[in-house]
Structure formats: C-alpha cells, structure tokens
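Going by numbering that gives the first Met the number 0, the first residue of the sequence shown is number 0, and it counts up by one from there. For each residue, glycine too, the CB sits at the ideal point set by N, CA and C. One structure is given here, and the rest of the page talks about it.
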Amino acid sequence: MDSIVVTGGGALSGEIPIAGAKNACLALMPATLLSEDPLTLTNAPRLSDIKTMTTLLQSLGAEATGLQDGQVLAMSSHDLTSTRADYDIVRKMRASNLVLGPLIARFGHAEVSLPGGCAIGARPMDLHIHGLEKLGAEIELRDGYLHAKAPGGLKGAEIALEFASVGATENIVMAATLAKGTTVLTNAAREPEIVDLVKCLRAMGAQIDGEGTSRIEIQGVDRLHGATHQVVADRIELGTYMLAPAIAGGEVECLGGKMSLVEAFVERLEAAGIGVEETERGLKVSRGEGRVSAVDVTTEPFPGFPTDLQAQIMAMLCTAEGTSTLNETIFENRFMHAPELTRMGANIDVQGGTATVTGVEKLRGAPVMATDLRASVSLILAGLAAEGETVVSRVYHLDRGYEHVVRKLQGVGARIERVKA
Ligand code: EPZ
C-alpha cells in the first residue's frame, strides 16, 4: 500500500483547481437508471468511488464510460439486464444504495445489498426504506439484501424525514420523479449536492420544486429523457484545500470555489483569524503571522458546518492559541483522526461526540495511519506545518475522494510526495 510523505515547511502560495463534487456525482450517476435515454455528466471527478459506481452500473447492464480521461461520464440504461446490486460492490461504497430508488421507480423491483457499517458509523437505511415504503414500495430485508417491489408502480405521498438524511432525500426524490401524483418531502436535506441532483433531474424532464429548502415537492411524470449536466464544484475538497494555507501560512486561491458552498465553514475560519476573499476565479485564503485563534465547531446538516470538514479543521485547531471544542453530531464515531494527530503531539481529549483540543505551539512529524477518507487528508494537512516528516499510510482511503492531492499541494509549494509500496 502506498504512503504519502509530507515534510513540514514554509508558507504556501499559488492556486489549486477544485474538481467536481464526488458526493454530487455519486447521486447523479444512478439517475441514469430513471431514463432509457443517455445521461452525460461533465466536470466529473476522477476518483476511485466514481469508478466503483461505474462498475456497479455496468453490473446492472447499463453502459457507463469515462471520456476525456474520466471528466465526462456517458451513461445509458436502455438495456438493463439486472436490478441486483451485489454485496461485493455495495460493501465497498455505501453510496451504491442510491440505485435503490431509481430501480424501483423505473422497473418496479430491486435487490440491493445493505451496505453494512463503516469506520465512521453504523449508517443504517431505515429512513430510505420508510420513505420508499410511503411511496408504495414493499421492502423486505432477506439474507443481507433489501428485496423491493412495487408491482403497481409508485404513488406520490407526504413524507416527513425524522432526520435530514442526504442519501434518503436523494433516493426518495429520484423515486418520486416517476411516481403517480404529487410527493411532498419535509425535513429534506438541503446540501448543494441535492440542489445539483434536482437541477439534473429537471433537465431530464422531472417536475420538482423546493430543492435547497427543507420542503421538496415532486410532481410525478410518465418518463424522463436524457440530459447533459455539469457536476457542481466539490465543497468538501474546497474546504480541505482552503485549510492548507490556514495551517501552513501563505496565500492560496482555490479555483472554482464559491462562497455559497462553504459559508458556515468560512465563518469559523474567519473567527480563527484566517482571511477569505471571494475573487472572480474562486476563493483566496490567507494567513498572516502568528497562531490562529481557537474556535468551537458543531457539525450540522447543511447549511450548518459540514461533518466532512470536521477532521480537517481539527488539524488546524491543534496548533491554535487556546482550547477548541468540536461537537460531532452527525456520525457516532468520527474522531479516529484524533489519536493519529495525538501521535504528532496534539493535545486532544475525546469524550463521546465531543473533542476538546488544547492548542500546542507546533506538531511534530510522525508515522500515522489513514482510517477514513476525511481523517486521512486531515493528517496530510497537519503534516504541512509539523516539524519534520509525516508518513501517512493506507492512502487508498484518499484516492476515494481526492484527485491528485500530491500534485495539487506540490503546486502551491508543499513538500509532499507519494511513495509506492
Ligand atoms: C452523505 O452520506 C455523504 N456521502 C457523506 O460523505 C456525508 O458525511 C453525509 O452525507 C452527511 O453529510 C455521500 O453523499 C455519498 P446521511 P449519507 O444519510 O447520505 C444516519 C464523505 O466523506 N442515517 O445524511 O450516508 C446516518 O447513520 C462521506 O464524502 C440513519 O440513521 O449521510 C448518519 O449518522 C462520508 N438512517 C446520519 O444519519 C438512514 O436511513 C447522516 O447520514 C440514513 C442515515
């Protein structure tokens, strides 16, 4: 397994291009199952998770090919041969469960493996199942698979989500586009990836209103047609790279970044003393002399502070002046980066869903281990300003969500390289 070696050094400067959003693309790709016409996605990120979703769609008989070295995904589910999403694919990537809603809506049946837990939590699917059953699907859990059928087709319904689940919102909205009648989904997730999915579905002929708010209304239609859609910029990659100058010092412009994607995150950065400026090309982040100030962070569904940036901002707070409290309210086990940062000299006390970080002057490079996608990149960020060398192992986690992380950080002066195993 490869590792990434970061040598702590001076301030960064330059620009980092932000790719298309992994979590938008993983919902947009299953949308091809809703229509027999081709769906083309541009600005698609080149990531292993996207390859996994491509393999899953191909296993169903869909055509899914990456053009222009993957930035364009051309897909068609005209000749589907299966509606079974196998465990060996789903266990690798939870987002595979997003084929469930589209398969039931278009074909009236589906067998989708339960994803099983993952490093950051149990991540059940009860909200997905409840919503799809309200639309008329009959879903039974048998031998680890969800066996779903809707022989008479789906019917619009009023659905209230107990929790603003991103995946459940996506599965229900996609299914409702082909249901008979009107569906009103309340306490819906408001993430930009949901807004992007709805834009694409509307381009395919879906009738949807309210995306980005907690109430989404869908008028079912008989069929959807093909479309071409540009994937929205990745706000989590954006926030991650904004933290590079915030931690190492200097000034970096993140190209393609938009303030509207990261407002709650930027508010915390500015409270810590980091400068953020919106330019016509993206977001410019700068940090002057001296340490950043400690700030408290609580993760929430959008538009609150994103859980997917909690590990990364913790890396900055390890050397802040003062004590910061981070409350992780979305996942039950998302502090696995804390013991690794502690190996680098951080002072972190984790009690349940709360981590208390007492800032130290400097971290010291050390061999550390990546445990999940966002934890792994937080270790790289910490290594940018640590004394000496940090060796991050198990970097396959990184390849799931960060395209060319070494090249992008080298481009702004970081001393970082990937070492083949
Ligand atoms: C999406 O996961 C993202 N993944 C996650 O990003 C992100 O952390 C998460 O939303 C929250 O923003 C993709 O979009 C592919 P949820 P998802 O359903 O849809 C509980 C990354 O690093 N829950 O909003 O799975 C669940 O256990 C990944 O890119 C239920 O209890 O998130 C969790 O505690 C990590 N029952 C919470 O809700 C359900 O039926 C949030 O889950 C569904 C969810």
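Assigned secondary structure, T82 (DSSP; H/G/I helix, E/B strand, else coil): Stepping through the sequence shown from its first residue, residue 82 is reached at position 83. DSSP places T82 outside both helix and strand once states are collapsed to three, so it counts as coil.
Cβ pair L223, L196 closer than 9 Å: The residue labelled residue 223 in the question sits at position 224 within the sequence shown. The residue labelled residue 196 in the question sits at position 197 within the sequence shown. No, Cβ-Cβ distance for L223 and L196 is not below 9 Å.
Unbroken beta strand (DSSP E) run spanning P16, endpoints: Your numbering for residue 16 matches position 17 in the sequence shown. P16 -> beta strand (DSSP E) spans 11 to 16.
C-alpha gap between G410 and H108, whole angstroms: Stepping through the sequence shown from its first residue, residue 410 is reached at position 411. Stepping through the sequence shown from its first residue, residue 108 is reached at position 109. If you take the alpha carbons of G410 and H108, they lie about 48 Å apart.
Beta-carbon spacing of A243, R214 below 9 Å: Residue numbering aside, residue 243 sits at position 244 when the sequence shown is read from its first letter. Residue numbering aside, residue 214 sits at position 215 when the sequence shown is read from its first letter. No, the pair does not count as a contact, with Cβ atoms beyond the cut-off.
Secondary structure of E192, DSSP reduced to three states: Working through the sequence shown from its first residue, we reach residue 192 at position 193. Note: E192 maps to helix in three-state DSSP.
Check whether I217 and T176 have beta carbons under 9 Å apart: Here residue 217 refers to the residue found at position 218 of the sequence shown. Here residue 176 refers to the residue found at position 177 of the sequence shown. Their beta carbons are under 9 Å apart, which means I217 touches T176 by this criterion.
The ligand EPZ heavy atom lying under 8 Å from the CB of E139: Along the sequence shown, read from residue 1 onward, the residue named residue 139 stands at position 140. Not so, every heavy atom of the ligand EPZ lies at least 8 Å from the Cβ.
Inter-residue spacing [alpha-carbon to alpha-carbon] between A84 and T64: Taking the sequence shown and counting its residues from 1, one reaches residue 84 at position 85. Taking the sequence shown and counting its residues from 1, one reaches residue 64 at position 65. Put simply, the backbone Cα of A84 is about 19 Å away from that of T64.
Residue of L134, V367, T6 minimising C-alpha distance to G180: For the purposes of this step, residue 180 is taken as residue 181 along the sequence shown, with counting starting at 1. Comparing Cα positions, the closest option is L134.
Span of the alpha helix (DSSP H) around S377: Counted from its first residue, the sequence shown places residue 377 at position 378. That run of the alpha helix (DSSP H) goes 372 to 384.
Residue range of the unbroken alpha helix (DSSP H) whose run includes G100: Within the sequence shown, numbered from 1, the residue matching residue 100 stands at position 101. 99 to 106 is the extent of the alpha helix (DSSP H) around G100.
Coarse secondary structure for D1, derived from DSSP in three states: On the sequence shown, position 2 is the one that residue 1 refers to. In the structure shown, D1 sits in coil (DSSP, three-state: anything other than H, G, I, E or B).
Meets three-Cβ-pair contact criterion under 8 Å: the region 47 to 62 and the region 2 to 15: No, they do not touch.
Pair within 9 Å by beta-carbon distance, L316 and V284: Your numbering for residue 316 matches position 317 in the sequence shown. Your numbering for residue 284 matches position 285 in the sequence shown. Contact flag unset, no.
Extent of the continuous alpha helix (DSSP H) to which K283 belongs: Counted from its first residue, the sequence shown places residue 283 at position 284. That residue, K283, is in no alpha helix (DSSP H); its beta strand (DSSP E) goes 281 to 286.
E192 Cβ short of 8 Å to the ligand EPZ heavy atom set: On the sequence shown, residue 192 is found 193 positions in, with the first residue counted as 1. True, at least one ligand heavy atom lies under 8 Å from that Cβ.
Cα-Cα separation between A271 and A374, rounded to whole angstroms: Here residue 271 refers to the residue found at position 272 of the sequence shown. Here residue 374 refers to the residue found at position 375 of the sequence shown. Looking at the two C-alpha atoms, the distance is approximately 21 Å.
Proximity of A43 and L72 at Cβ, strictly below 9 Å: Against the sequence shown, residue 43 aligns to sequence position 44. Against the sequence shown, residue 72 aligns to sequence position 73. Closer than 9 Å, so yes.
Endpoints, alpha helix (DSSP H) assigned at Q427: Missing from the structure shown is residue 427; the chain here goes from 0 to 420 and no further.
beta-carbon H127 near the ligand EPZ non-hydrogen atom, thresh 8 Å: Reading the sequence shown from its first residue, position 128 is the one you call residue 127. Under cutoff, so the answer is yes.
Separation of G248 from G274, as counted between CA atoms: Numbered from 1 along the sequence shown, position 275 holds the residue referred to as residue 274. Numbered from 1 along the sequence shown, position 249 holds the residue referred to as residue 248. If you take the alpha carbons of G274 and G248, they lie about 11 Å apart.
Between the CA atoms of V265 and G281 - distance to the nearest angstrom: The sequence position of residue 281 within the sequence shown is 282, counting from 1. The sequence position of residue 265 within the sequence shown is 266, counting from 1. G281 and V265: Cα-Cα distance of roughly 13 Å.
Nearest candidate by alpha-carbon position, reference L140, set L59, V251, D125, L397: Reading the sequence shown from its first residue, position 141 is the one you call residue 140. Of the candidates L59, V251, D125, L397, D125 places its Cα closest to the Cα of L140.
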